[in-house]
Amino acid sequence: GAVVSQHPSWVICKSGTSVKIECRSLDFQATTMFWYRQFPKQSLMLMATSNEGSKATYEQGVEKDKFLINHASLTLSTLTVTSAHPEDSSFYICSATTRGETQYFGPGTRLLVL
Amino acid sequence: EDQVTQSPEALRLQEGESSSLNCSYTVSGLRGLFWYRQDPGKGPEFLFTLYSAGEEKEKERLKATLTKKESFLHITAPKPEDSATYLCAVQATQDSSASKIIFGSGTRLSIRP
Numbered sequence: 029g030a031v032v033s034q035h036p037s038w039v040i041c042k043s044g045t046s047v048k049i050e051c052r053s054l055d056f057q058a059t060t061m062f063w064y065r066q067f068p069k070q071s072l073m074l075m076a077t078s079n080e081g082s083k084a085t086y087e088q089g090v091e092k093d094k095f096l097i098n099h100a101s102l103t104l105s106t107l108t109v110t111s112a113h114p115e116d117s118s119f120y121i122c123s124a125t126t127r128g129e130t131q132y133f134g135p136g137t138r139l140l141v142l
Numbered sequence: 078e079d080q081v082t083q084s085p086e087a088l089r090l091q092e093g094e095s096s097s098l099n100c101s102y103t104v105s106g107l108r109g110l111f112w113y114r115q116d117p118g119k120g121p122e123f124l125f126t127l128y129s130a131g132e133e134k135e136k137e138r139l140k141a142t143l144t145k146k147e148s149f150l151h152i153t154a155p156k157p158e159d160s161a162t163y164l165c166a167v168q169a170t171q172d173s174s175a176s177k178i179i180f181g182s183g184t185r186l187s188i189r190p
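If you're matching them up, the sequences are chains A and B in order. Heads up, the first sequence is in the working numbering, so the first residue is 29 and it goes up one at a time. Heads up, the second sequence is in the working numbering, so the first residue is 78 and it goes up one at a time.
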């Protein structure tokens, strides 16, 4: 149980394009989903928290117009990196939780912007 | 300010050599402490949740313990497949986002055959 998937696992795009990453909870309903970013050999940095049907809450320093988050249902959240630039290249990981308990993480999406 | 500190940063052990990883935390009120395992290029894999001082949980060669200020992840007779980064995270009771957790920087564990 408690499986979270992400799609795609890898994406390479040109600078200036937008990229959408999907996060799905496969066997449970996620009241809250989180989006993290991780740089090599560093820990996870929380970007935003999203609750189903409401606007995401962004951490300080994270541009909400740059990283658009939609949590349309209890099993799906999407992160769209708009007008991506090379500095947006990173490992993006989502997690999901129900009733504010343990977070279960997806396998991550590696983004490379050329 | 809520804070999580893990030590050591890296640990190299011989197969079968038991050891412990430390996670020290400072939070206004602890709702839960979590241990995760992360392999390179993958998302964190959930291991344990601890809620109160004195609590212990075990899974195969791993045992997690909790006090009021720190948690230990004990690894007994490790095998090379236990090599990974182990992450500790805490959830505070008074955080505005009830389920938000704060991660430590992790301990990179390497087990030599």
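In this text, a Cβ means the ideal position worked out from N, Cα and C, and glycines have one as well. For clarity, every value in this text was computed on a predicted model and none was experimentally measured.
Asked: Suppose you measure from the CA of V104/B to the CA of Y86/A; what does that come to, to the nearest Å?; Found: 21 Å
Asked: By DSSP's criteria, A76/A is part of a beta bridge. Which residues make up the other side?; Found: W63/A, Y86/A
Asked: What residues of chain A sit near K177/B, judged by a beta carbon separation below 8 Å?; Found: F62, L74, T77
Asked: Below 8 Å, can you find three or more Cβ-Cβ pairs linking the region 132-145 of chain B to the region 105-114 of chain A?; Found: no
Asked: For A112/A and R138/A, what's the separation of their Cα atoms in angstroms?; Found: 13 Å
Asked: Can you list, in chain order, the residues of its chain with a C-beta nearer than 8 Å to that of L74/A? Leave out the 5 residues immediately preceding and following it.; Found: F62, W63, Y64, E87
Asked: Considering only residues of the same chain and omitting the five flanking positions on each side of P114/A, which have a CB-CB separation below 6 Å?; Found: V141
Asked: Could you check which residue in S148/B, Q168/B, S129/B, R138/B has the C-alpha nearest to that of P155/B?; Found: R138/B
Asked: Here's the rule: buried if 16 or more other CB atoms are within 10 angstroms of the residue's CB, otherwise exposed. What is I97/A?; Found: buried
Asked: Need the endpoints of the beta strand (DSSP E) that A30/A sits in, please.; Found: Per DSSP, A30/A belongs to no beta strand (DSSP E) and is neither H nor E.
Asked: Measure from the C-beta of P121/B to each C-beta in chain A and report whether the shortest distance is under 7 Å.; Found: yes
Asked: By the 10 Å Cβ neighbour count, where 16 or more other Cβ atoms means buried, how is R114/B classified, buried or exposed?; Found: buried
Asked: Output needed for P135/A: all residues of its chain with C-beta closer than 6 Å, excluding positions within five of it in sequence on either side, in chain order.; Found: Q34
Asked: Using a Cβ-Cβ cut-off of less than 7 Å, give me the residues of the region 103-137 of chain A that come near chain B, in sequence order.; Found: I121, T125, G128, T130, Q131, Y132, F133, G134, P135, G136
Asked: In this structure, does DSSP put E158/B in helix, strand or coil?; Found: helix
Asked: Going by Cα to Cα distance, which pick from E132/B, C165/B, K177/B, S160/B is closest to S101/B?; Found: C165/B
Asked: List, in order along the chain, the chain A residues whose C-beta lies closer than 9 Å to that of G181/B?; Found: S71
Asked: With a threshold of 16 other CB atoms inside 10 Å of the CB of R52/A, please say whether the residue is buried or exposed.; Found: buried
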